[in-house]
Structure formats: C-alpha cells, structure tokens
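Enquirer: Quick note on numbering: the sequence shown equals residues 11 to 232 in my numbering.
Note that the Cβ used here is the ideal one computed from N, Cα and C, for glycine as well.
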Amino acid sequence: MARRTKEEALATRHRLLDAAELLFQAQGVSQTTLQQIAQQAGATRGAIYWHFKDKADLFNAMMERVILPLEAAPKPATAGVTDDPLAEIEEGMIHALTLMATDPQVRRVFDVATHKVEYTHDMASVQQRHLDARNACVGDFEKALRLAARRGHIKLPLPGNAAAQGLHALISGLIQNWLLDPEAFDLVQTGRRTFRVYLAGLGFARPLPGTAVAAEAETVAA
Numbered sequence: 011m012a013r014r015t016k017e018e019a020l021a022t023r024h025r026l027l028d029a030a031e032l033l034f035q036a037q038g039v040s041q042t043t044l045q046q047i048a049q050q051a052g053a054t055r056g057a058i059y060w061h062f063k064d065k066a067d068l069f070n071a072m073m074e075r076v077i078l079p080l081e082a083a084p085k086p087a088t089a090g091v092t093d094d095p096l097a098e099i100e101e102g103m104i105h106a107l108t109l110m111a112t113d114p115q116v117r118r119v120f121d122v123a124t125h126k127v128e129y130t131h132d133m134a135s136v137q138q139r140h141l142d143a144r145n146a147c148v149g150d151f152e153k154a155l156r157l158a159a160r161r162g163h164i165k166l167p168l169p170g171n172a173a174a175q176g177l178h179a180l181i182s183g184l185i186q187n188w189l190l191d192p193e194a195f196d197l198v199q200t201g202r203r204t205f206r207v208y209l210a211g212l213g214f215a216r217p218l219p220g221t222a223v224a225a226e227a228e229t230v231a232a
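As structure tokens, this is what we get:
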C-alpha cells in the first residue's frame, strides 16, 4: 500500500509538471496560476503545495526534469587528458543542438525558459539557476579554449573569458533564434559551421564541414 501511495504521488507530480510545461508555453509563466496548473493536471491546489513550495520551485523542478542542452553537453577536459579539447567542445555543442532539434520536451521547456519567463522578484531563484548554468558552461569553455591555445602555440586575440562568453552567446543565440522559427535554418548544420568560423577568428584552423578541405581531413584521419 505504501509503495502504491508513493507511486501515485510521483505520478501526480509528473502530471503537474506536464501541465506546467504546456501552460507556461501557451500563456507565459507570469500569466499562469498554480490553480490553472492544478486544474489542467486534474489535481487539487493542495497537491501542488504538497510537491512544490511555490511557482519558482515548480519551475525549477520542471527544468531539472529535462536536461537542458547546454547543461547536458559533455564536459570538455580541463587539463592534459584529451588530445583535442576543441573537438570535445564541438561534440558537446552538437550534442546540445541535436537534443534541441529532436526532443520535443526539451524544446518546449527551453522555449519556456528562453521566451516565456520574467525574472521578477518571486522568480529570483529561477534567474539564479540560469546564471549558475551559464557561468559553469562559460567556465568549461574558457578552460578548454586556453588548453587548446597552449597546445597549438596560439595567442588568443582577446582574453580567454571573453572568447568563452562569445562562444556561449553564439550557441545560446542560435538556439533562441531557431526556437522562434525552427523552419528558418538547420540548427545542427548551422551550429557546426558557425562554431568553426568562430574558432577560425580566434586563430584555430579547423576546416568547415562540407568543404573539400574537410573531406580531405576526414579521409586522412580515417
């Protein structure tokens, strides 16, 4: 009986999160009430407060349930344990963009987090979560870029943190714009090409995919 009760509680929690995803995307976070979420889920308002402290707590639980693209990307190595830290960054980026393009739930939640939430006082913990994720990602990028520059004897044309901030802005900006109009461009292909152009601007020579130089490099690597 206790196990069944636990399973029922977990099922209710998931229904509430499912309802929150749909309503947040349709109406925006600030325009969606906890009562509306409870009604959509076929639950009581009390059930919401049993599982979540407030709307911000529910929002963060929704985010945690779905691994967001930039947080899900493989972590680039930070010290001497990989032959090509830039390849690891690219692998992580492609992982993130592919997840965004192929997983409807990830896309829906990221759309809410990007376009449908206001960072008002009562959503301060949501904003802090966003900042923590961004800072961790930028930190990983900076370490990998510095390692690649040292190994390639390349002097970065701008401070490592600025280069990492720019790379993060490139990836997150592509995702945000693609979410506005997914038919406008191929997210994964465009991401790979613009990533390599960005690296070229930093002084790293990496052939663009789909070019004769890239095909030759892949043949040699094979």
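(1) What separation, rounded to the nearest whole angstrom, lies between the Cα atoms of Ala143 and Ser135?
(2) Under a CB-based cut-off of 8 Å, is His178 close to chain B?
(3) Give me the Cα-Cα distance between Ile185 and Leu168, rounded to the nearest whole angstrom.
(4) Looking only at its chain, what residues have a beta carbon closer than 8 Å to the beta carbon of Leu197, apart from the 5 residues adjacent to it on each side?
(5) Counting C-beta neighbours from all protein chains within 10 Å, is the total for Val207 16 or more, i.e. buried, or is it exposed?
(6) Assuming contact is defined by CB atoms lying nearer than 8 Å, are Phe205 and Met103 in contact in what I supplied?
(7) Less than 8 Å separating the beta-carbons of Glu128 and Ser40?
(8) Would you give the residue range spanned by the alpha helix (DSSP H) that Ile77 belongs to?
(9) For a test of the three-state rule: what should DSSP assign to Lys165, helix, strand or coil?
(10) Tell me the rounded alpha-carbon separation between Arg202 and Tyr59.
(11) When the Cα of Gly149 is compared with those of Asp28, Ala174 and His163, which residue comes out closest?
(12) What number of angstroms, rounded off, separates the C-alpha of Glu193 from the C-alpha of Lys16?
(13) With a threshold of 16 other CB atoms inside 10 Å of the CB of Glu74, please say whether the residue is buried or exposed.
(14) Within its chain, find whatever has a CB closer than 7 Å to the CB of Arg55; leave out the 5 residues flanking it on each side and keep chain order.
(15) By Cβ distance below 8 Å, which residues in the same chain neighbour Leu180 in space, the five residues on each side in sequence not counted?
(16) By Cβ distance, which residues of its chain are closer than 7 Å to Gly170, with the 5 residues on each side in sequence left out?
(17) According to the neighbour-count rule (16 or more other Cβ atoms, all chains shown, within 10 Å of its Cβ), is Thr42 buried or exposed?
(18) Quick one: grab the DSSP three-state call for Thr88.
(19) State yes or no: is the C-beta of Pro95 within less than 8 Å of the C-beta of Ala146?
(20) Are the CB atoms of Gln35 and Arg139 within a distance shorter than 8 Å?
(21) Report the rounded CA-to-CA distance for Gly176 versus Gly211, giving the unit in angstroms.
Expert: Result, derived from the coordinates:
(1) Stepping through the sequence shown from its first residue, residue 143 is reached at position 133. Stepping through the sequence shown from its first residue, residue 135 is reached at position 125. C-alpha of Ala143 to C-alpha of Ser135: approximately 12 Å in a straight line.
(2) Going by chain labels, chain B is absent from the structure shown, which holds only one protein chain.
(3) Indexing the sequence shown from 1 puts residue 185 at position 175. Indexing the sequence shown from 1 puts residue 168 at position 158. Straight-line Cα distance between these residues: approximately 25 Å.
(4) By 1-based counting over the sequence shown, the position of residue 197 is 187. For Leu197, where only same-chain residues beyond five positions count, the Cβ hits under 8 Å are Leu107, Met110, Ala111, Leu184, Ile185 and Trp188.
(5) Reading the sequence shown from its first residue, position 197 is the one you call residue 207. Flag for Val207 reads exposed.
(6) As a first step, residue 205 must be located in the sequence shown, where it is residue number 195. As a first step, residue 103 must be located in the sequence shown, where it is residue number 93. Going by C-beta atoms, Phe205 is nearer than 8 Å to Met103.
(7) Here residue 128 refers to the residue found at position 118 of the sequence shown. Here residue 40 refers to the residue found at position 30 of the sequence shown. Contact: yes.
(8) In the sequence shown, residue 77 corresponds to position 67, counting from 1. Element bounds for Ile77: n/a, residue is neither H nor E.
(9) As a working mapping, residue 165 is identified with position 155 in the sequence shown. Residue state for Lys165 is assigned as coil, using DSSP reduced to three classes.
(10) The count along the sequence shown starts at 1 and reaches residue 202 at position 192. The count along the sequence shown starts at 1 and reaches residue 59 at position 49. In this structure, the alpha-carbon of Arg202 lies about 44 Å from that of Tyr59.
(11) As a position in the sequence shown, residue 149 is number 139, starting the count at 1. The shortest C-alpha separation from Gly149 is found at Ala174.
(12) Counted from its first residue, the sequence shown places residue 193 at position 183. Counted from its first residue, the sequence shown places residue 16 at position 6. Between Glu193 and Lys16, the C-alpha separation is close to 42 Å.
(13) Residue numbering aside, residue 74 sits at position 64 when the sequence shown is read from its first letter. Exposed, since its Cβ has fewer than 16 Cβ neighbours within 10 Å.
(14) The residue given as residue 55 occupies position 45 in the sequence shown. Leu44, Gln45 and Ala48.
(15) Position 170 of the sequence shown, counted from the first residue, corresponds to residue 180. The residues are Thr204, Phe205 and Tyr208.
(16) By one-based count along the sequence shown, residue 170 stands at place 160. The beta carbon of Gly170 sits closer than 7 Å to the beta carbons of Glu152, Leu155 and Arg156 from its chain, once the five residues preceding and following it are set aside; these are given in chain order.
(17) In the sequence shown, counting from the first residue as 1, residue 42 sits at position 32. Under this definition Thr42 is a buried residue.
(18) Taking the sequence shown and counting its residues from 1, one reaches residue 88 at position 78. Reliability of the predicted coordinates at Thr88 is poor, the pLDDT of 49 falling under 50, and the value obtained from them is presented with this limitation in mind. Three-state result, Thr88: coil.
(19) Here residue 95 refers to the residue found at position 85 of the sequence shown. Here residue 146 refers to the residue found at position 136 of the sequence shown. No, they are not a contact pair.
(20) The count along the sequence shown starts at 1 and reaches residue 139 at position 129. The count along the sequence shown starts at 1 and reaches residue 35 at position 25. Cβ atoms of Arg139 and Gln35: not closer than 8 Å.
(21) Mapped onto the sequence shown, residue 176 falls at position 166. Mapped onto the sequence shown, residue 211 falls at position 201. The C-alpha of Gly176 lies about 11 Å from the C-alpha of Gly211.
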